[in-house]
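In my numbering, the protein residues as written are 5 to 94.
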């Protein structure tokens with residue numbers, strides 16, 4: 005990855021953008037400290053493929069585990085009582 009100063013970017017913006025367009029990202033420094041990264045945008049319209057490639061999402065499993073079966077069943081009256089108890093003195 006190429007590193008240039010902010011002044012170099014100002015002096016040769018077209019040249020830097022040509023390098024970026026050719027696939028080489030550029031780090032721009034200000035007083036010796038890296039501040040910005042310039043890189044070309046992907047023109048791919050498939051957002052899912054891009055997110056998978058970046059590792060930000062994973063495909064769903066073919067056979068997910070079944071939902072656990074609830075052992076306790078509550079009557080409507082029991083649910084009302086639990087709800088009233090959870091509210092307390094509000």
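Just so it is clear, CB atoms sit at the ideal spot from N, CA and C, and this is done for glycine as well.
Asked, Found
"Inter-stretch contact at 8 Å, needing at least 3 Cβ pairs: the stretch 23-35 / the stretch 6-14", "yes"
"Three-state secondary structure (DSSP) of residue 77", "coil"
"At least three beta-carbon pairs within less than 8 Å, the stretch 65-83 to the stretch 36-46", "no"
"Under the three-state DSSP convention, the category residue 6 falls into", "strand"
"Secondary structure of residue 88, DSSP reduced to three states", "helix"
"CB-CB length for residue 46 against residue 56, believed under 8 Å", "About 13 Å; that fails the 8 Å criterion."
"N-terminal and C-terminal residue of the beta strand (DSSP E) that residue 38 is part of", "37-42"
"With 16 other Cβ atoms within 10 Å as the buried cut-off, status of residue 52", "exposed"
"Helix, strand or coil at residue 33 according to DSSP, with G and I counted as helix", "strand"
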